[in-house]
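Positions -2 to 101 (our numbering) are the ones given, in order, by the sequence shown. All C-beta atoms, glycine included, are put in the ideal place defined by N, C-alpha and C. In what follows, a single structure is set out as structure tokens and then discussed.
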Amino acid sequence: MGKHDFEISSLEREIAALQQAKALMEVGGQDLNSVNGEIQNVVSSIDNKEWRGQRRNEFNQKFDNYNREFGNLRNRNNTNIQAVNQKIAELRDRIAMLRSDNSD
């Protein structure tokens, strides 16, 4: 039994938890894209010719706001996934260093 086995085991559990969180974020991102696709389909099926003046402007403004918010959510999700990937890489590097020290 190496002197760093307990810490290595702890780091491996942390990596597993991060990988589970990442998988959930990836599913969340897919769900966001799916809902956005459905909304885009509904919007494209609306006959905007019937909408005139203020009503059409209000709809366009709300939809533009929605698109911005959706983009923000997608970017935030992607940023979080990148942060998790970075943390996993750091932990793997730490494990490699500890394993190397164990073999000394």
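Using the C-alpha atoms, what's the distance from asparagine 99 back to phenylalanine 3?
11 angstroms
With methionine 94 as the anchor, note down where its alpha helix (DSSP H) starts and where it stops.
50 to 99
Are three or more beta carbon pairs between the region 26 to 43 and the region 0 to 15 nearer than 8 angstroms?
no
Glutamate 66 to asparagine 72 span [Cα, whole Å]:
10 angstroms
Rounded separation between asparagine 82 and glycine 50 - CA only:
48 angstroms
Would you please state the rounded distance, in angstroms, between the beta carbons of isoleucine 78 and methionine 22? I believe it to be under 8 angstroms.
5 angstroms
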